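> Numbering (our numbering), first residue to last: 1 to 299.
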């Protein structure tokens, strides 16, 4: 928010200027499964009020309802009226401040508004931005700097190289000298797609499925954070996977074979017994077993 104030003069020292965000997510109404029917509401959140009130029922505005029965392949058609209103609010709209303590003729002012970001889960990011969010292009922010590798044992794509985001003196860096790469914006993807179409870059795909209608906003490319992940989904998935790793729920033979594919954690690689059966050390993969083994007690 401070970056918005420093970048755009009409947002500086203007308490009446609106700072809003757009939130969307799909759900299934009246007890139906999401595969049979999915509806997408689009909410507008006002950040001029305190944080403990911004997401309350009486302070959010339902601007759009994208009907089902299937999830939308593109949201641009539905978002166009909202984007047109946002552009109008950015230029300025004559408004009346009924709560101002001043003469009636001085209560008229020019209202400006800026959309600072969109809030959604990972699939919603693909719908609203037009960027690929799965496979080798799973992180639009990382772009070409993502280290994605497909595991034949787990039949899924895994993302490596996260140690470069740690401080250089962190023990888990394990000799990694890579630095944090620059993040890619929607404009960067559009430029990359244009270079691919012109034959300047020998690639098949840039990860851009379409040009989002949000780029019509004159200030969108100047925003540091254009898309926010929903905390409910992000934190829930992270905590769930951490607990499963600690309790050994994902310590399977296929996961250890994936360690062999990636050349990681040699102490957890499965070994072959005399009867030619694969086996694995139960104390080398599960953190709970490792700590219990270090204690040396029977309990």
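Each residue gets a CB set at the ideal place from its N, CA and C atoms; glycine is no exception. Values in this document were obtained by computation on a predicted structure and should not be read as measured data.
What are the boundary residues of the beta strand (DSSP E) that residue 149 is part of?
That run of the beta strand (DSSP E) goes 147-151.
> Taking the alpha-carbon of residue 75 as reference, which of 24, 263 and 265 has the nearest alpha-carbon?
Among 24, 263 and 265, the Cα nearest to that of residue 75 belongs to 24.
> Do residue 123 and residue 184 have their C-beta atoms within less than 8 Å of each other?
No; because the gap between Cβ atoms is not below 8 Å, this pair is not in contact.
> Starting from residue 267, trace the alpha helix (DSSP H) in both directions and tell me its first and last residue.
No alpha helix (DSSP H) holds residue 267; DSSP gives it neither H nor E.
> Assign residue 262 to buried or exposed, taking buried as 16 or more other Cβ atoms, counted over all protein chains shown, within 10 Å of its Cβ.
Looking at its Cβ environment, which holds fewer than 16 other Cβ atoms inside 10 Å, residue 262 is exposed.
> When you compare each of 135, 79, 143 and 57 to residue 151 by their alpha carbons, which one comes out closest?
The candidate whose alpha carbon is nearest that of residue 151 is 135.
> First and last residue of the beta strand (DSSP E) that includes residue 229?
It spans 227-229 - the beta strand (DSSP E) in which residue 229 sits, taken as one unbroken run.
> Mapping DSSP to helix, strand and coil, what is residue 297?
Low per-residue confidence applies at residue 297: pLDDT is 46, beneath 50, and the placement is therefore not dependable, though the value from the model is reported in the following sentence. Reduced to three states, the DSSP call for residue 297 is coil.
> Does DSSP put residue 135 in a helix, a strand or coil?
Three-state DSSP puts residue 135 in a helix.
> Measuring straight from C-alpha to C-alpha, what distance separates residue 77 and residue 84?
Those two C-alpha atoms are separated by around 12 Å.
> Can you list, in chain order, the stretches of the alpha helix (DSSP H) that have 4 or more residues and sit fully within the region 20-82?
51-54, all fully within the region 20-82.
> For residue 142 and residue 182, what's the separation of their Cα atoms in angstroms?
Those two C-alpha atoms are separated by around 8 Å.
> Using the three-state DSSP reduction, which class does residue 94 fall into: helix, strand or coil?
The answer is strand: DSSP assigns residue 94 an E or B state.
> When DSSP labels each residue in this structure, what does residue 306 get in the three-state scheme?
This structure cannot settle anything about residue 306, because the visible part of the chain is limited to 1 through 299.
> Are the region 36-52 and the region 3-23 touching by the rule of at least three beta carbon pairs closer than 8 Å?
Yes, the region 36-52 touches the region 3-23.
> What whole-angstrom Cβ distance do residue 128 and residue 120 have, given they're in contact under 8 Å?
Right, the Cβ-Cβ distance comes to about 6 Å (below 8 Å), so this counts as a contact.
> With respect to the alpha helix (DSSP H) encompassing residue 113, which residues constitute its N-terminal and C-terminal limits?
Per DSSP, residue 113 belongs to no alpha helix (DSSP H); it is in the beta strand (DSSP E), 113-120.
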